[in-house]
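The structure appears right after this line, and notes come after that.
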Amino acid sequence: MPASGSRAAAIAARLSAIGLPTRVEEHDRYTSIEAEVPEALSADSWRKALEVVAEADRFGLLATSLNGRTLWAVVHKAVPATGDVGGPSHQR
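All residue numbers for the sequence shown refer to numbering that gives the first Met the number 0, where the first residue is 0 and numbers rise by one.
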């Protein structure tokens with residue numbers, strides 16, 4: 000498993016250990032982790048969850064009245080050292 004996959008799996012496992020249901024999705028350039036946050040999450044659990052997602056490359060919270068609260072994190076995959084990495088719209 001690449002380092003990015005290991006990091007994403009570790010983040011998901013630690014969020015699950017806090018008691019948050021998680022989803023992990025692989026994308027071309029990154030791996031995303033989402034965790035549903037219950038209304039009754041304690042302040043200590045919030046602190047722990049934020050410490051966990053702070054280890055990702057990006058993270059945030061999506062809160063809506065329809066879907067509740069989702070804590071998300073993104074771990075970027077390594078970019079190949081050679082070849083057409085960015086595609087035609089990216090500078091080299």
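Heads up, the beta-carbon is just placed ideally off N, CA and C, and yes, glycines get one too.
- Around Ala-62, the same chain offers Arg-68 as residues with beta carbons nearer than 7 Å, after the five sequence neighbours per side are excluded.
- Under the three-state reduction of DSSP, Glu-54 is assigned to coil, being neither helix nor strand.
- Selection Ala-77, Ala-55 and Val-51 evaluated against Ala-16 yields Val-51 as nearest (Cα-Cα).
- DSSP places Leu-19 outside both helix and strand once states are collapsed to three, so it counts as coil.
- Across the set Ala-53, Tyr-29, Ser-5 and Gly-4, the C-alpha of Tyr-29 shows the shortest separation from the C-alpha of His-75.
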